[in-house]
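Participant: Residue numbers 84 to 277, in my numbering, belong to the letters of the sequence shown in order.
C-beta: ideal position from N, C-alpha, C; glycine also.
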Amino acid sequence: MLVSNDSQPFKDLAGLKKFAEESPGALNYAHLGTGSPTRLLAERAARAMKIELTPVAYPGIAPAQPDFYANRTQLQMVAVSKQFINGPSTRFVAVCADERSPMLPDVPTFKELGYPNIVGGTWFGLFVPAGVPDEIKDKLRTAASDAKLVVKTELEKSGHFLIDAKTPQQFRAYIDQDLARSRADLQAMGEKTY
84 MLVSNDSQPF KDLAGLKKFA EESPGALNYA HLGTGSPTRL LAERAARAMK IELTPVAYPG
144 IAPAQPDFYA NRTQLQMVAV SKQFINGPST RFVAVCADER SPMLPDVPTF KELGYPNIVG
204 GTWFGLFVPA GVPDEIKDKL RTAASDAKLV VKTELEKSGH FLIDAKTPQQ FRAYIDQDLA
264 RSRADLQAMG EKTY
């Protein structure tokens with residue numbers, strides 16, 4: 084999710100874009116490293132909106148917060164969490180997912196706002212080493228499927244969402260798509276990719 088410091092003159096994504104066009108380089112965003120989702124999504128958004136944002140790296144989200152709250156960085160890409168919902172000085176601009184967050188149902192997605200490629204974030208999956216017998220993989224798949232509702236509920240409580248991949252092939256396709264987007268982001272930033 085893209086958040087801004089609430090002292091900024093813009094109230095939404097259209098306002099942010101207009102402000103950035105009128106004041107190139109005036110907006111700094113906190114990120115957690117060159118290949119992090121926080122940097123890749125912010126850069127993808129800047130390219131899509133054709134605006135200039137200045138990246139400021141931090142070794143973690145906690146060290147970034149004082150500068151954000153003090154308005155030394157004006158933007159961040161963050162996970163939807165109670166920390167930010169209940170935090171000071173935060174305006175919620177847009178969600179980086181296909182659907183709105185149940186925690187912030189009034190905040191639109193980038194997709195709704197005309198930027199369908201600004202989706203992503205941190206994700207987790209269940210993997211096994213090559214060579215694991217199909218019988219074991221089937222048992223793990225069944226156990227994961229049985230736990231899906233509980234996992235989905237818990238993820239949503241913390242502002243995350245469940246990737247709805249019903250087969251290993253669907254999950255592989257999701258991973259491949261995410262890697263392709265990330266590789267394109269890094270290349271657009273001039274970074275070396277493999």
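Out of M160, F93, A140 and P120, point me to the one whose CA is closest to L85's CA.
Facilitator: M160
Participant: Between the alpha carbons of L187 and G214, how many angstroms are there, rounded?
Facilitator: Between L187 and G214, the C-alpha separation is close to 43 angstroms.
Participant: So what does DSSP say about P120, is it helix, strand or coil?
Facilitator: DSSP places P120 in the helix class (H, G or I) of the three-state scheme.
Participant: Would Y152 pass as a contact of L136 if the rule is Cβ separation under 8 angstroms?
Facilitator: no
Participant: Looking at the structure shown, is F175 part of a helix, part of a strand, or coil, going by DSSP?
Facilitator: strand
Participant: Assuming contact is defined by CB atoms lying nearer than 8 angstroms, are G208 and P120 in contact in what I supplied?
Facilitator: no
Participant: Which parts of the region 88-164 are runs of the alpha helix (DSSP H), unbroken and 4 residues or longer, counting only runs that do not cross its ends?
Facilitator: 96-105, 120-132 and 144-152
Participant: Answer with buried or exposed for F193, where buried requires no fewer than 16 other C-beta atoms within 10 angstroms of its C-beta.
Facilitator: buried
Participant: Roughly how many angstroms separate the alpha carbons of R264 and P107, rounded to a whole number?
Facilitator: 25 angstroms
Participant: Flag this pair as touching only if the region 221-234 and the region 173-191 have three or more C-beta atom pairs under 8 angstroms; answer yes or no.
Facilitator: no
Participant: For V211, I'd like the list of residues in its chain whose CB is within less than 8 angstroms of its CB, leaving aside the five on either flank, ordered along the chain.
Facilitator: I219, K220 and L223
Participant: Measuring straight from C-alpha to C-alpha, what distance separates L96 and A177?
Facilitator: Their Cα atoms are separated by approximately 7 angstroms.
Participant: Kindly provide the ranges of any alpha helix (DSSP H) runs that are 4 or more residues long and lie completely inside the region 179-251, ordered along the chain.
Facilitator: 217-229 and 231-240
Participant: Output the distance between the C-alpha atoms of L287 and N88, rounded to the nearest integer angstrom.
Facilitator: Summary: the structure shown does not reach residue 287, with the chain confined to residues 84 through 277, and so no result is reported for it.
Participant: How many angstroms separate the CA atom of L99 from the CA atom of V190?
Facilitator: 15 angstroms
Participant: Count the other CB atoms, across all protein chains shown, that sit within 10 Å of the CB of G118; report buried if there are 16 or more and exposed otherwise.
Facilitator: exposed
Participant: Please list, in chain order, all residues of the same chain as P72 whose beta carbon is under 7 angstroms from its beta carbon, the five residues on each side excluded.
Facilitator: Absent from the model: residue 72. The displayed extent of the chain is 84 to 277, so no value can be given.
Participant: Could you check how far apart the C-beta atoms of D259 and R127 are, in whole angstroms? I think they sit under 8 angstroms.
Facilitator: Contact flag wrong, Cβ pair sits at about 17 angstroms.
Participant: From L158 to Y257, what does the alpha carbon distance come to, in whole angstroms?
Facilitator: 27 angstroms
Participant: Quick check on this structure: which residue in D247, T250, Y277 and S184 has the alpha carbon closest to the alpha carbon of K240?
Facilitator: S184
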